[in-house]
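Counted from 1, the sequence shown has number 454 at position 454 by our numbering; the numbering is strictly sequential.
Working notes for the structure below.
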Amino acid sequence: MKLTSPRRGRRTALRPLGLLGASLMGLAVLAGCKGPQQTDPLLAATTACRLPDLEQEVRCGSVKVKENPANPGSREIEVQFAVLPAQARYKEPDPIVLLAGGPGQSGLKIAAPMSKVFSALNRKRDLIFIDQRGTGLSNGLECPMRELYADMEKSLDPQAQISLINRCQERLAAKNDLAGYATHIAVQDFDAIRAKLGAERINLWGGSYGTRAAIEYTRQFPQRVRTLLLDGVAPADMPLPVSIARDGDATISNLLEACAKDAACARRYPDFAQRIEALFTQPTSTLALTDPYTSQKRSYAVPRSAVASALRTPLYAPGLSAVLPQAVARAASGDGDPLLALSSALSGGSDEGMSMGMHLAVVCAEDLPQLNDANIAQAAKTRFGTTFVEQYRGMCKGFPQAPIPPAYYAPVKHDRPTLILSGGLDPVTPPAEGNKVAGWFSNAQHLVAPYIGHIVSGQPCASKLIETFVKTEGKEKLDSACLAKLPRPSFYEPPQRPVAEPAKTASIQARSAQ
């Protein structure tokens, strides 16, 4: 989802990207100060605070909830939220609640970029951002990965990451009930926040994994939803370790076909398909890489799983995947820096803003139980193979597979006005998932941006469509022509040295001889 703030200075070739590969990272520090009691529910329930990268003052608050509602003796934790108040003096009663992706992404840290997307609607509607339980300031289940990032050798070793996660799980389990972080529990926190703020109905936006949470909220609290906005649909019945291999493979095929049809790309990279297939199939690739900490460049034997992860990450953003032919050509000659740089542009190699413990508490409980012989065999047929199945199985050791209600995986039926957005080049939540979910609802519009990747809302055209949809409560048929006009980025061509004209060359040579 990706609407990202790329992280600088750290990188790694292997990390579970989840649904979002892209994450809206930025440091959110709350500084609240109490004011007098007010009659306005928003003012009474919150205090003034500041979020980084936001010029406006916001209001911050929290609700106390049981960590595991199924356990009568469960402790209480606080779920934090922030409200960007409507600019108008007389506002609409139905705010917009925005749910972050991941799973594991901090909702407070998407406030700055998403406030721009929803700026027109923010004139008359509050924007509510939530750190879902287990993320950010809501008892964040952090698994610091710094020891990997500081050691290039370890960062390329999938087993090193799995071992680190396993040790983190033991630390988290000693202090937290990890069975209490499933999505169907978290959405009850969202409703507690809605009630505290005195909103009868809300407009609910979810991006990537946030769509899964939004759909579940709608299933449990349909009467509270005025409009539902889903960008990059990731329904609960989409098992992540299989789907990221399947959908990433389809995006690779699309990229190869597009390069072959582009005269300049086909001329410059005639062996693109053969080169990328070689990277996917050989057990290890010998690549020269520059250590970001020492600035020393040397050759490493990079395992296939790490190469596969590095190839997958740029697919989230077509602007980055347009550089893949050049990066793959350089990798074929033994230089791995361009490929690793593309991977780092989105994943960044930093754990800021992403709670890996919460990510796994959700995926291990909700997605891993859906793995079976049939869908694992489906993944095995892709270029990525069972890389992500094996990776998640390793990392999920020790994480509880909490009981999930069967209804959680079933299609949700309702008549709430629903707008679904999909990127035609999305490698993780493709339009097929949007089509499937659109079929569940009797009042849904599904719009596809053919040449956009993961998360469409950040496009000005999409932002305007969302504004119209919310204002009219979905009563107006939207024209998606502007999405179709968004172009596919041109394939990257490295700059060429200018060739001197023959006459000038002869003149220069003559002067040199004199």
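Every residue, glycine too, gets a C-beta built ideally from N, C-alpha and C.
Which of helix, strand or coil DSSP assigns to residue i
i, result
"ASN122", "helix"
"ASP191", "helix"
"SER163", "helix"
"LYS475", "coil"
"LEU419", "strand"
"GLY232", "coil"
"MET515", "What the structure shows of the chain is the stretch from 1 to 514, and residue 515 is not part of that stretch, so it cannot be assessed."
"PHE491", "coil"
"LYS464", "helix"
"TYR300", "strand"
"LEU368", "helix"
"LYS64", "strand"
"GLN223", "helix"
"HIS454", "coil"
"PHE388", "helix"
"GLN496", "coil"
"LEU172", "helix"
"THR211", "helix"
"THR183", "helix"
"PHE129", "strand"
"ASP337", "helix"
"THR135", "coil"
"THR47", "strand"
"ASP177", "coil"
"ASP157", "coil"
"GLN142", "The amino acid occupying residue 142 in the given sequence is Glu; Gln does not appear at that position. Reduced to three states, the DSSP call for GLU142 is coil."
"VAL412", "coil"
"MET238", "coil"
"GLU403", "As written in the sequence, residue 403 is Pro, which differs from the Glu given in the question. Of the three classes helix, strand and coil, the one that applies to PRO403 here is coil, per DSSP."
"ASP151", "coil"
"VAL470", "helix"
Straight-line gap, residue i to residue j (C-alpha atoms, nearest Å)
i, j, result
"GLY349", "TYR149", "Residue placement at GLY349 is poorly supported in this model, since its pLDDT is 47, which falls under 50; the coordinates still yield a value, given next. So the two alpha carbons sit approximately 7 Å from each other."
"ALA31", "LEU54", "Any reading at ALA31 must be qualified, since the residue scores a pLDDT of 34, below 50, and its modelled position is unreliable; no value is offered."
"ARG50", "CYS259", "46 Å"
"GLN169", "VAL65", "22 Å"
"ASP126", "LEU204", "12 Å"
"GLN496", "ARG330", "16 Å"
"VAL448", "ASN71", "43 Å"
"ALA195", "ALA306", "45 Å"
"ALA341", "PRO144", "21 Å"
"ARG246", "LEU315", "13 Å"
"LEU478", "ALA263", "35 Å"
"MET152", "GLY102", "25 Å"
"VAL389", "ALA186", "25 Å"
"LEU364", "PHE399", "The sequence as given places Cys at residue 364; Leu does not occur at that position. C-alpha separation (whole angstroms): 7 Å."
"SER74", "GLU67", "6 Å"
"ALA266", "ALA407", "49 Å"
"LYS154", "SER163", "11 Å"
"LEU256", "VAL242", "22 Å"
"ARG201", "GLN296", "57 Å"
Selected residue, minimal CA-CA separation from residue i, among the options
i, options, result
"PRO239", "PRO69, ASN375 and SER422", "ASN375"
"PRO487", "ALA322, PRO113 and ASP237", "ALA322"
"LYS165", "THR472, VAL428 and CYS396", "According to the sequence provided, residue 165 is Ile. The question's Lys does not apply to it. If we check each option's Cα against that of ILE165, CYS396 comes out closest."
"ALA438", "SER422, VAL242 and PRO450", "SER422"
"PRO494", "ALA327, VAL470, TRP440 and LYS475", "ALA327"
"PHE491", "THR294, GLY319 and ALA377", "GLY319"
"ALA160", "ASP426, GLY394 and ILE455", "GLY394"
"ARG268", "PRO325, LYS175 and SER463", "PRO325"
"GLN378", "ASP249, SER355 and LYS475", "ASP249"
"ILE244", "LEU289, PHE81 and TYR392", "TYR392"
"GLY61", "PRO69, ILE77, SER74 and VAL83", "VAL83"
"GLU277", "GLY107, SER106 and ALA332", "ALA332"
"GLU433", "ALA234, PRO69 and ARG416", "ALA234"
"ARG171", "ALA179, LEU98, THR472 and GLU142", "GLU142"
"SER208", "GLY107, TYR90 and ARG201", "GLY107"
"PRO158", "SER309, THR211, GLY210 and LEU346", "SER309"
"ASP415", "THR429, GLY474 and PHE384", "GLY474"
Opening and closing residue of the alpha helix (DSSP H) in which residue i lies
i, result
"CYS396", "That residue, CYS396, is in no alpha helix (DSSP H); it is neither H nor E in DSSP."
"SER432", "Note that residue 432 is Ala in the sequence shown, not Ser. Note, ALA432: alpha helix (DSSP H), 431-438."
"LYS381", "First-last for LYS381: undefined, no H or E at that position."
"PRO113", "111-117"
"ILE483", "Per the sequence shown, residue 483 should be read as Leu rather than Ile. Per DSSP, LEU483 belongs to the alpha helix (DSSP H) from 481-484."
Start and end residues, beta strand (DSSP E) containing residue i
i, result
"ASN203", "202-207"
"GLN445", "444-449"
is_contact[residue i, chain C] using C-beta, thresh 9 Å
i, result
"ALA266", "Looking for chain C here will not work: only one protein chain is present."
### Task
Taking only runs that begin and end inside the region 240-328, name each unbroken beta strand (DSSP E) of 3 or more residues, in chain order.
Runs of the beta strand (DSSP E) spanning 3 or more residues and lying entirely within the region 240-328 occur at 284-290 and 297-303, in chain order.
### Task
Would you list, in sequence order, the uninterrupted alpha helix (DSSP H) runs of no fewer than 4 residues that lie entirely inside the region 49-105?
Entirely contained in the region 49-105, not one alpha helix (DSSP H) run reaches 4 residues.
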